[in-house]
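Numbering (this note's numbering), first residue to last: 34 to 627.
Each residue gets a CB set at the ideal place from its N, CA and C atoms; glycine is no exception.
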């Protein structure tokens, strides 16, 4: 998710102080500024005294010697400790790579005739060396948080036999091999000190020591989402540039190279602009400029627009929205602050007393063209959709909560329906002409389930849509797992229909949209739900939801195919996988025709 990975790379210069058949054919910027501040004065003096010395060789020698000394210091002072898991967290234990595709032969039901050939792929954390780590040292304790861990891709391939048109299904998994993954894999031991949770002094020294040894303050997780642009597949998390993935093998091909036109990470949910096919991105940083927006050409080769939002804080941006004409940015009070960390506070914090606003900006606009709308404080990590209603109004639908699962300091009981972490579909309606917030309201009834990880038919991104889909939180199972959500079902939101249990003649606060549910059997939970449009479909909800599920009683993982027209009915197909699939975050279906 998680909410993407929420692990975030900081710049410390701002701180003043089996036999396997083949798959068918149809399938720093941070490191320079601090090191320059340290190296350049010394190297300048050396160059004046001994001009003929090759500065590059001296610099490299000093760098290697310094890194070795810091490595020795870390090995002697810091102890890596496995973070224990509760029995209810057994499906967060990492799994091994298969090494190649495996045929899926245990299939219940039938794949629909109009189901497209393609790949259903989901990202999620799969920590190296047995699980997430904590460290103990003279500086205190630091630890990974639950959204961290190296990314692993899990993919189900759907193809038809060329001879008889029978379906062939394969499953594969593979790590996203980022630069830091390969570094730690080569060392064969945990090397990066955890930098997100724990005592502020320990976290601060972890930043400095990671930066000094590796030139970066945190690992590149790439564990949160996958997306397609211009026929290429990418893996992504907030703290680094997307990794290009070979969709047929899941091999990591390297960073998405946009040259120097874009020198910061992407948020985990880039958006395709309706009508143009351009990709809109947002990148955040712990120093100014805190947040910038970029527009990538439809062919994926260049940045065609870039602008600074000119924010006065680093707002944690996991998701945002687009419409036909606008970009929609959520400036909510979940913030990243190095100075706060140095002063003994948390790096990431939700301030429920802080201001919250929504910015609406023309597609190729700049900071002075943003229209800001003040709204009630909240922690919304996921947008359902945004669209324009007439000439003047912009509508935003999201999954809104009053506390942050990533940055919460509150002891919130997520087993109750009225908890602060209860996510509900929510609407903001903004008037671009008057600058007024016309409406803020919950879309579902108070008694309904908590919902998050929304999806829609991707062909309606940025356009007026009738339907949305979410994962439904199982409150009791989530409670026994700490603050880790488990999703015991799916919901279909009917935005144009009211729930018949509520009359439109009653007060607006009692109005609620119609919701259908598809609940799983006991102790079965899903991740990575995605919408698959029907080939030749006419209506918006012509298609299916595909999702990974895991039954904790039988320790069995499956992929389900659920008709969106008969949403509450049994899945039309179930695929039992050859190995366990740990819970993860976001997924996507990539058609073979793209």
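| Check | Outcome |
| --- | --- |
| Pull the bridge partners of residue 630 from the DSSP assignment, please. | Here the chain comprises residues numbered 34 to 627, so residue 630 is not present and cannot be evaluated. |
| Is residue 121 helix, strand or coil by DSSP? | helix |
| Roughly how many angstroms separate the alpha carbons of residue 192 and residue 606, rounded to a whole number? | 15 Å |
| For my contact list, residue 364 and residue 390 are in at a C-beta cut-off of 8 Å; report their separation, rounded to the angstrom. | 5 Å |
| Which of helix, strand or coil does DSSP assign to residue 478? | coil |
| Span of the beta strand (DSSP E) holding residue 508? | Residue 508 -> not in any beta strand (DSSP E); alpha helix (DSSP H) instead, spanning 508-513. |
| On the CB-based measure, 16 or more other CB atoms within 10 Å of its CB, does residue 446 come out buried or exposed? | Below a pLDDT of 50, predicted positions are generally treated as unreliable, and residue 446, at 45, falls in that range; no measurement from the model is reported. |
| Note down the Cα distance separating residue 465 from residue 354, rounded to an integer number of angstroms. | 16 Å |
| Between 129, 597 and 151, which has its C-alpha nearest residue 613's C-alpha? | 129 |
| From residue 41 to residue 102, what distance separates their C-alpha atoms? | The predicted model places residue 41 with a pLDDT of 38, which falls under 50 and marks its position as unreliable, so this point remains unresolved. |
| Please return the same chain residues whose Cβ sits closer than 7 Å to the Cβ of residue 85, not counting the five positions on each side in sequence. | Confidence at residue 85 is low in this model, with a pLDDT of 44, below 50, so the placement of that residue should be treated as unreliable; the coordinate-derived value is given next. Contacts found: none. |
| Under DSSP, the beta strand (DSSP E) around residue 377 begins and ends at which residues? | From DSSP, residue 377 is part of no beta strand (DSSP E); its letter is neither H nor E. |
| Using a Cβ-Cβ cut-off of 6 Å (strictly less than) and excluding sequence neighbours within five positions of residue 474, which residues of its own chain qualify? | 460 |
| Going by CA-CA distance only, name the one from 362, 279 and 319 that's closest to residue 404. | 362 |
| Which whole-angstrom value describes the C-beta separation of residue 619 and residue 176, a residue pair presumed to lie in contact below a C-beta threshold of 8 Å? | Not quite, the Cβ-Cβ distance comes to about 24 Å (not below 8 Å), so this is no contact. |
| Under the three-state reduction of DSSP, which class applies to residue 366: helix, strand or coil? | coil |
| Roughly how many whole angstroms lie between the Cα atoms of residue 150 and residue 280? | 13 Å |
| In whole angstroms, give me the CA-to-CA distance for residue 306 and residue 417. | 15 Å |
| Tell me residue 187's beta-bridge partners as DSSP assigns them. | 155 and 206 |
| If you pair each beta-carbon of the region 132-152 with each one of the region 555-571, do three or more pairs fall below 8 Å? | yes |
| When DSSP builds the beta bridges, which residues end up paired with residue 630? | Residue 630 cannot be examined here, being either before or after the span of the chain that is shown, 34 to 627. |
| Could you spell out where the alpha helix (DSSP H) holding residue 335 opens and where it closes? | Unbroken run through residue 335: none, as it is neither H nor E. |
| Apply the 10 Å Cβ neighbour rule to residue 602 and answer buried if 16 or more other Cβ atoms are within range, or exposed otherwise. | exposed |
| Between 98, 527 and 507, which lies nearest to residue 246 when the distance is taken from Cα to Cα? | 98 |
| Report all residues from its chain with a CB closer than 6 Å to the CB of residue 65; omit the five preceding and five following residues, and keep chain order. | Note that residue 65 scores a pLDDT of 35, beneath 50, so its modelled location is shaky; the value from the coordinates is reported in the next line. Same-chain partners within the cutoff: there are none. |
| Excluding five sequence neighbours on each side, which residues of the same chain lie with their C-beta closer than 7 Å to the C-beta of residue 455? | 434 and 483 |
| Can you tell me whether residue 126 is buried or exposed? The criterion is at least 16 other CB atoms within 10 Å of its CB, across all chains shown. | exposed |
| From this set, 220, 274, 330 and 143, which residue's C-alpha is nearest residue 592's C-alpha? | 143 |
| Please identify the residue among 498, 556 and 182 whose C-alpha is closest to the C-alpha of residue 586. | 556 |
| Quick check: the Cα distance between residue 578 and residue 188, rounded to an integer number of angstroms? | 15 Å |
| Enumerated in chain order, which unbroken segments of the alpha helix (DSSP H) with a length of 4 residues or greater are wholly contained in the region 221-254? | 233-247 |
| Under 6 Å Cβ to Cβ from residue 397, same chain only, skipping five residues before and after it: list those, please. | 338 |
| Could you give the distance in angstroms between the alpha-carbon of residue 211 and the alpha-carbon of residue 249? | 13 Å |
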